[in-house]
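Residue numbers (my numbering): 17 to 284. Using N, Cα and C, we set each Cβ at its ideal position, and we do this for glycine too. Single-structure report; data block below.
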């Protein structure tokens with residue numbers, strides 16, 4: 017199924033799978049409910065402590081002590097780890113966020129973001145734009161905070177360009193089993209929309225339910241996730257133009273035909 021059949025207020029009456037929990041999941045569900053949709057919070061991934069706790073704790077202590085000129089955060093989950101451990105980023109440390117969603121998480125945690133790349137939210141865009149016009153000899157130490165599954169694009173590129181950069185694995189991304197009733201509902205076509213917010217989410221859904229029925233719209237948060245999801249068998253029907261879950265939900269709601277009727281219209 018594609019998003020070409022949906023209309024303005026298209027989410028009214030639709031059921032939407034939200035694959036992450038916590039405050040993020042609650043916020044997305046509230047947005048969907050304001051639009052008349054049913055938000056089903058069913059986490060398939062969660063954050064767990066890294067295997068090397070001592071290395072994380074040393075890096076977090078260095079952040080709090082102001083030892084870094086720049087802190088690079090590549091996900092909202094990374095920001096959540098800082099808050100969970102009670103780490104306050106001092107004013108002397110500037111924060112670079114990979115995109116608007118991560119920047120919002122920083123702001124929600126009481127921080128201030130100094131740099132967000134324009135256009136596509138990606139590690140490549142972050143490093144290319146941030147490095148433009150900067151001199152590694154005068155920039156100071158940098159720390160990249162990421163998960164165990166995230167790529168090393170940011171740290172590798174910074175190091176290649178001569179910056180003094182450290183890496184902190186702040187958390188692990190682990191799978192969470194869906195409740196049997198939720199898994200059965202998805203498999204039977206009882207969910208109208210699935211939000212794909214990362215490759216990790218796509219992998220877990222693929223492991224647990226396989227490929228969703230054709231009547232279910234798979235909606236991706238951005239081109240990178242769409243590309244990665246397609247490689248493991250997902251047919252993505254809509255890709256957000258702006259890489260944030262808020263934009264994804266708004267785009268779905270503003271498309272040309274109702275999503276709630278999609279299941280009954282496409283089922284033989």
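Here residue 54 carries a strand assignment [DSSP, helix/strand/coil].
Look at residue 255 here: in three-state DSSP terms it is strand. The three-state secondary structure of residue 218, taken from DSSP, is helix. Residue 57 and residue 101 have their C-alpha atoms spaced approximately 25 Å apart. Non-local beta-carbon contacts of residue 112 in its own chain, meaning distances under 8 Å to residues more than five positions away in sequence, involve 86, 87, 88, 89, 129, 130, 131, 132, 142, 146 in chain order. Selection 42, 183, 54 evaluated against residue 209 yields 54 as nearest (Cα-Cα). A residue is called buried when at least 16 other Cβ atoms come within 10 angstroms of its Cβ; residue 104 does not meet this threshold and is exposed.
In the three-state reduction of the DSSP assignment, residue 114 falls in the coil class, being assigned neither a helical nor a strand state.
Beta-bridge partners assigned by DSSP to residue 163: 187. Our two residues, residue 152 and residue 179, have alpha carbons roughly 5 Å apart in a direct line. Residue 235 and residue 127 have their C-alpha atoms roughly 30 Å apart. DSSP places residue 271 outside both helix and strand once states are collapsed to three, so it counts as coil.
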